[in-house]
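What follows is a set of notes on a single structure, which appears directly below.
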Amino acid sequence: MRHLGKVTILAPDRNWSGGGHVKTLDRALRLREFHLEDGSQAFASDGAPSDCVALAMLGYFKEQFDLVVSGINVGANLGHDVTYSGTVTAAMEAVIAGVPGVAVSLEVPEGLVGPIDFQPAAHAARITVQNVLANGLPAETLLNVNVPFLKAEDIHGFRLTRQGLRVYHSRLDERTDPRGRPYYWIGGDAPTGVSESGTDVGALAAGFVSVTPLQLDLTAYRAISDLNTWNWHSQPFELSLLTPSIVTVEK
Numbered sequence: 273m274r275h276l277g278k279v280t281i282l283a284p285d286r287n288w289s290g291g292g293h294v295k296t297l298d299r300a301l302r303l304r305e306f307h308l309e310d311g312s313q314a315f316a317s318d319g320a321p322s323d324c325v326a327l328a329m330l331g332y333f334k335e336q337f338d339l340v341v342s343g344i345n346v347g348a349n350l351g352h353d354v355t356y357s358g359t360v361t362a363a364m365e366a367v368i369a370g371v372p373g374v375a376v377s378l379e380v381p382e383g384l385v386g387p388i389d390f391q392p393a394a395h396a397a398r399i400t401v402q403n404v405l406a407n408g409l410p411a412e413t414l415l416n417v418n419v420p421f422l423k424a425e426d427i428h429g430f431r432l433t434r435q436g437l438r439v440y441h442s443r444l445d446e447r448t449d450p451r452g453r454p455y456y457w458i459g460g461d462a463p464t465g466v467s468e469s470g471t472d473v474g475a476l477a478a479g480f481v482s483v484t485p486l487q488l489d490l491t492a493y494r495a496i497s498d499l500n501t502w503n504w505h506s507q508p509f510e511l512s513l514l515t516p517s518i519v520t521v522e523k
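One rule links them: number in this note's numbering = place in the sequence shown (from 1) + 272.
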């Protein structure tokens, strides 16, 4: 990103996988300054990814921002993942603040051991951001970018996609602590996906970078006409019809 403009880094100080869209209101947030391996300055917060964006947008840095890039996340964010993903919801927080947002994730095989090459994903992020800076994004729209775990020369290019179908294999693991009290882990096998053409899942399976435009408006417009056929007016909307009866018992 430094090839494209001035970069400010503010990230969570721990992993927030599955954290979703969080805005911390019930406690104070703290920040610390760090220096990365190349000597550049960075800041870490004990809040969620979306908290980090809110802190930046609301004035922790005394400057205005033109764009927020979230990632590179270790692991793809496909289909319904976007509602769980701290990476994607950080970009959503930017859009809520009126700033374009781009989320970038790298598909990494489950259980991978060893170093991860982020260069192909960084290159895809740079191309995406160059296009956003040159062309802009519609209001309330962000881009969700997913990069296959391939060498740069094996990636076939970009595909504009829609959200695909993510299949989850979650299960509840119940255990007992040393004092006999139950506790629970939500776990299970890694999610899979349906490799349908035109979707983010299908693009990654075919060796393409997936770029999915997402909107904040979650209204299911096609359902409105069906809902209009329901019987909403069978009874007058009177408070007396909504108030439960109360029985008093005298001693």
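Here a beta-carbon is modelled for each residue, glycine too, at the ideal position from N, C-alpha and C.
Note that the structure is a prediction, hence the values are computed from the model and not measured.
Where residue i falls, given that 16 or more other Cβ within 10 Å makes a residue buried
| i | result |
| --- | --- |
| Pro392 | buried |
| Phe480 | buried |
| Glu335 | exposed |
| Arg286 | exposed |
| Leu350 | buried |
| Ile496 | exposed |
| Ser442 | exposed |
| Arg431 | buried |
| Glu365 | buried |
Range of the contiguous beta strand (DSSP E) that encloses residue i
| i | result |
| --- | --- |
| Glu305 | 303–307 |
| Pro284 | 282–284 |
| Pro463 | 454–465 |
| Ala316 | 313–317 |
| Val340 | 340–346 |
Beta carbon of residue i nearer than 9 Å to that of residue j
| i | j | result |
| --- | --- | --- |
| Phe333 | Thr296 | no |
| Ile427 | Val376 | no |
| Leu415 | Val374 | yes |
| Val340 | Ala363 | yes |
| Glu379 | Phe337 | no |
| Ser467 | Thr433 | no |
| Leu384 | Val419 | no |
| Val371 | Leu486 | no |
Segment limits, alpha helix (DSSP H) that includes residue i
| i | result |
| --- | --- |
| Leu486 | No alpha helix (DSSP H) contains Leu486, which is instead part of the beta strand (DSSP E) from 481–487. |
| Thr355 | 353–356 |
| Arg299 | Unbroken run through Arg299: none, as it is neither H nor E. |
Alpha-carbon spacing of residue i relative to residue j, whole angstroms
| i | j | result |
| --- | --- | --- |
| Gly290 | Gln507 | 43 Å |
| Trp457 | Gly347 | 21 Å |
| Gly465 | His395 | 25 Å |
| Leu488 | Leu276 | 26 Å |
| Arg438 | Met273 | 30 Å |
| Ser407 | Asp389 | According to the sequence provided, residue 407 is Asn. The question's Ser does not apply to it. The alpha-carbon atoms of Asn407 and Asp389 are separated by roughly 29 Å. |
| Asp353 | Gly460 | 15 Å |
| Arg447 | Tyr455 | 5 Å |
| Val404 | Glu425 | 24 Å |
| Ala283 | Ser342 | 9 Å |
| Gly292 | Leu444 | 20 Å |
| Ser317 | Met329 | 14 Å |
Cβ of residue i within 9 Å of any chain D Cβ
| i | result |
| --- | --- |
| Asn500 | In the displayed structure, chain D is absent; only one protein chain is listed. |
query = For the region 365–452, which segments carrying the beta strand (DSSP E) assignment without a break, of at least 3 residues, lie completely within its bounds, in sequence order?
reply = 373–378, 413–419, 430–432, 438–448
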